[in-house]
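Visitor: In this text, residue positions in the sequence shown follow our numbering: the first is 1, and each later residue adds one.
The structure's right below; bear with me while I get my questions together.
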Amino acid sequence: MICELFLPYQEDEIINSSESLKVGIDRGALIAINKGIKLDYAIGDFDSITDIELKQIEKTCPNIIKLNRIKDDTDTEYAIKYFKDATEFIIHGGIQGKRIEHLISNINLILKYNNITTIKDNNTKICPLTSGYYFINEYKYISFFAKSRSVISLKGFKYNLDNYVFNDFDNLCISNEIENECGEVTFTGKGVVIMSKSDNF
Numbered sequence: 001m002i003c004e005l006f007l008p009y010q011e012d013e014i015i016n017s018s019e020s021l022k023v024g025i026d027r028g029a030l031i032a033i034n035k036g037i038k039l040d041y042a043i044g045d046f047d048s049i050t051d052i053e054l055k056q057i058e059k060t061c062p063n064i065i066k067l068n069r070i071k072d073d074t075d076t077e078y079a080i081k082y083f084k085d086a087t088e089f090i091i092h093g094g095i096q097g098k099r100i101e102h103l104i105s106n107i108n109l110i111l112k113y114n115n116i117t118t119i120k121d122n123n124t125k126i127c128p129l130t131s132g133y134y135f136i137n138e139y140k141y142i143s144f145f146a147k148s149r150s151v152i153s154l155k156g157f158k159y160n161l162d163n164y165v166f167n168d169f170d171n172l173c174i175s176n177e178i179e180n181e182c183g184e185v186t187f188t189g190k191g192v193v194i195m196s197k198s199d200n201f
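Printed below as a string of structure tokens:
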């Protein structure tokens, strides 16, 4: 089962597949509904919406799970645990906004749970990195971050690397660019790749 989670700051256009389970997270549920996404569940403490907006969600979504505002998990992690049998999670949104701590929390989730494959919005796509060989042929800026001691080789990039050893807190692999038709990545370890379209800060 593929589970799509809809957080705030989603993409403008989302392919509305009928095959996946669709779950709105707090205000993300309202945004998804307004885009015409047919949600299966809405989960959250709903502290970021009004009572009228919550009623709009309740009229449209068949399953509402209201969480206590005092809890140990974020709304997003609660949903991941609730649908723990999902083979894959795709997270829409959760990157932009003024609450930068939520972005950091979502990156932690992609490192913690092996079945989260993508966090994305209009400008950015974040994916987990495990040991393997990858082709990257989209987005302008490509950044790699290690979670543990890792080894990376890059070909076809503006700045290539040959078996570079890096770990937490190493920023050498930020804001690289693809120079050929695609970039080739050989990676051993655990980390994330962050791909961005825009050069605006």
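Glycine residues also receive a C-beta, built at the ideal position from the N, C-alpha and C atoms.
Examine the Cβ distances between the segment 59-66 and the segment 123-138 and report whether three or more of them are shorter than 8 Å.
Guide: They do not touch, by the three-pair rule.
Visitor: Determine the extent of the beta strand (DSSP E) in which S105 is found, giving its start and end residues.
Guide: Locating residue 105 in the sequence shown gives position 105, counting from the first residue. Looking at the DSSP string, S105 is not in any beta strand (DSSP E); the run it does join, the alpha helix (DSSP H), is 100-112.
Visitor: How would you write the range of the beta strand (DSSP E) that Y78 sits in, first residue to last?
Guide: Within the sequence shown, the letter at position 78 stands for residue 78. No beta strand (DSSP E) contains Y78, which is instead part of the alpha helix (DSSP H) from 75-82.
Visitor: State buried or exposed for K84, treating a residue as buried only when at least 16 other CB atoms are found within 10 Å of its CB.
Guide: For the purposes of this step, residue 84 is identified with residue 84 of the sequence shown, where counting begins at 1. Exposed, because fewer than 16 other Cβ atoms sit within 10 Å of the Cβ of K84.
Visitor: Hey, which unbroken runs of the beta strand (DSSP E) at 3 residues or more fall wholly within the segment 6-38?
Guide: Runs of the beta strand (DSSP E) inside the segment 6-38: 21-25.
Visitor: What do you reckon, are the CB atoms on E4 and H102 nearer than 8 Å?
Guide: As a position in the sequence shown, residue 4 is number 4, starting the count at 1. As a position in the sequence shown, residue 102 is number 102, starting the count at 1. No, the pair does not count as a contact, with Cβ atoms beyond the cut-off.
Visitor: Quick one, which of T124, L172, Y9, N123 has its alpha-carbon nearest I145's?
Guide: On the sequence shown, position 145 is the one that residue 145 refers to. The sequence as given places Phe at residue 145; Ile does not occur at that position. Cα-wise, what sits closest to F145 is L172.
Visitor: Starting from the C-beta of D168, find all residues in its chain whose C-beta is less than 6 Å away, skip the five residues before and the five after it, and write them out in chain order.
Guide: Translated into the one-based positions of the sequence shown, residue 168 becomes position 168. Excluding sequence neighbours, D168 sits near nothing in its chain.
Visitor: Whole angstroms are fine: how far does the CA of K125 sit from the CA of N34?
Guide: Taking the first residue of the sequence shown as position 1, residue 34 is located at position 34. Taking the first residue of the sequence shown as position 1, residue 125 is located at position 125. Spanning the two alpha carbons is a distance of roughly 23 Å.
Visitor: Find out if the Cβ-Cβ distance for the pair G183, I116 is shorter than 8 Å.
Guide: By one-based count along the sequence shown, residue 183 stands at place 183. By one-based count along the sequence shown, residue 116 stands at place 116. Going by C-beta atoms, G183 is not nearer than 8 Å to I116.
Visitor: Starting from T130, follow the beta strand (DSSP E) in both directions and report where the run begins and ends.
Guide: The count along the sequence shown starts at 1 and reaches residue 130 at position 130. That run of the beta strand (DSSP E) goes 124-136.
Visitor: Would you kindly work out how many angstroms separate the C-alpha atoms of V192 and K147, rounded to a whole number?
Guide: Start at 1 with the first residue of the sequence shown, and residue 192 comes out as number 192. Start at 1 with the first residue of the sequence shown, and residue 147 comes out as number 147. Roughly 8 Å separates the two Cα atoms.
Visitor: Out of I15, I110, E77, state which residue places its alpha-carbon closest to the alpha-carbon of K190.
Guide: Counting from 1 along the sequence shown, the entry for residue 190 is found at position 190. Per the Cα distances, I110.
Visitor: If you draw a straight line from the alpha carbon of I104 to that of Y9, how long is it in whole angstroms?
Guide: Here residue 104 corresponds to residue number 104 of the sequence shown, with the count starting at 1. Here residue 9 corresponds to residue number 9 of the sequence shown, with the count starting at 1. Approximately 15 Å, taken between the alpha carbons.
Visitor: Given a cut-off of 8 Å, decide if E11 and K120 are closer than it, judged by their beta-carbon atoms.
Guide: Along the sequence shown, read from residue 1 onward, the residue named residue 120 stands at position 120. Along the sequence shown, read from residue 1 onward, the residue named residue 11 stands at position 11. Yes.
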